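Working notes, structure below.
In full-length UniProt numbering, the protein residues as written are 1 to 201.
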């Protein structure tokens with residue numbers, strides 16, 4: 001097990017989060033499916049980590065009511081219904097060794113759902129997203145996650161072409177909202193799954 005996963009786990013627990021660590025994504029998938037019952041509604045936040053886990057079809061095939069704007073035919077409807085779900089699953093852009101979650105979003109549906117409005121939240125994190133501190137987290141978001149997402153979405157931002165943040169004024173800008181979750185918010189039930197694999201951007 002990577003040492004930084006152990007350090008992050010300790011810090012996250014001190015900050016009030018529920019934390020589990022896994023050797024691989026299959027173990028994490030098994031735990032998710034065991035922790036969420038078939039009668040619970042589940043929404044997914046935009047995440048390459050979840051796409052790589054291929055967890056959406058597992059919930060769909062066993063009969064859960066599920067919402068993901070990446071998959072549904074009506075994107076606006078999927079986003080609206082996602083807010084009403086009992087369970088929310090997503091990833092984070094970066095996680096610091098002192099137990100903070102750092103995120104940038106274009107629309108803010110993902111980041112707002114990470115801490116408000118759902119009975120339980122599961123945040124799935126590969127070891128590649130564990131950052132030394134806030135500055136390191138910002139650096140990975142600006143120069144790794146954002147450019148890769150801009151290319152994936154084929155949008156017209158400078159980072160799509162340069163591979164690094166230019167703090168642009170593009171109408172397609174995807175770094176509009178920054179959220180730092182320092183501790184588990186009052187009344188929230190945030191479960192963080194740390195996986196000893198590289199996952200997502």
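We put the beta carbon where it would ideally sit given N, CA and C, even for glycine.
All values derive from a computational prediction rather than experimental measurement.
Practice problem: Count the C-beta pairs between the region 13-24 and the region 71-89 that are closer than 8 Å, then say yes if the count reaches three, no if not. | Solution: In short, these stretches do not touch, since the Cβ pair count stays below three.
Quiz item: Ends of the beta strand (DSSP E) at residue 102?
Solution: Unbroken beta strand (DSSP E) run through residue 102: 101-105.
Quiz item: Hey, would you say residue 5 sits closer than 8 Å to residue 127, going by beta carbons?
Solution: Yes, Cβ-Cβ distance for residue 5 and residue 127 is below 8 Å.
Quiz item: For residue 162, which residues of its own chain have a beta-carbon under 8 Å away from its beta-carbon, when the five flanking residues on both sides are left out?
Solution: If the five residues before and after residue 162 are omitted, its C-beta is found closer than 8 Å to the C-beta atoms of 147, all from its own chain and listed in chain order.
Quiz item: Apart from the five residues on each side of it in sequence, which residues of its chain come closer than 6 Å, Cβ to Cβ, to residue 66?
Solution: Cβ neighbours of residue 66 beyond the five flanking positions: 42, 59 and 60.
Quiz prompt | Cut-off 6 Å between Cβ atoms - residues of its own chain near residue 189, not counting five sequence neighbours on either side | solution = If we look at residue 189 and ignore the five residues flanking it on each side, its Cβ neighbours are 120.
Quiz prompt | Close beta carbons around residue 191, own chain, < 8 Å, minus the five adjacent residues each side | solution = For residue 191, where only same-chain residues beyond five positions count, the Cβ hits under 8 Å are 17, 18, 19, 20, 35, 120, 121, 122 and 123.
Practice problem: Say whether the region 102-119 touches the region 40-55, bearing in mind that this needs 3 or more beta-carbon pairs closer than 8 Å, one atom from each stretch. | Solution: Touching, yes, given that three or more Cβ pairs across the two stretches are closer than 8 Å.
Exercise. Would you grab the beta carbon distance between residue 142 and residue 151 for me? Rounded to a whole angstrom, and I think it's under 8 Å.
Key: Wrong, their Cβ atoms sit about 15 Å apart, outside the cutoff.
Quiz item: Cβ of residue 102 within 8 Å of Cβ of residue 155?
Solution: Cβ distance not < 8 Å, so residue 102 and residue 155 don't count as in contact.
Quiz item: When we look at the beta-carbon of residue 75 and count the other beta-carbons within 10 Å, is it buried (16 or more) or exposed?
Solution: Exposed, by the Cβ-count rule.
Quiz prompt | Nearest neighbour of residue 117, chosen from 24, 186 and 63 [CA to CA] | solution = Closest in alpha carbon position to residue 117, among 24, 186 and 63, is 186.
Exercise. Rank 138, 125, 72 and 38 by C-alpha distance to the C-alpha of residue 164 and give the top, closest one.
Key: The residue with the shortest Cα to Cα distance from residue 164 is 138.
Quiz item: Considering residue 134, what are the terminal residues of the alpha helix (DSSP H) in which it resides?
Solution: Counting along the chain, the alpha helix (DSSP H) containing residue 134 begins and ends at 134-140.
Practice problem: Give me whichever residues DSSP pairs with residue 36 in a beta bridge. | Solution: Bridge partners of residue 36: none, in fact.
Quiz item: What are the boundary residues of the alpha helix (DSSP H) that includes residue 44?
Solution: Taken as a continuous stretch (DSSP letters only), residue 44 belongs to no alpha helix (DSSP H), being part of the beta strand (DSSP E) at 42-44.
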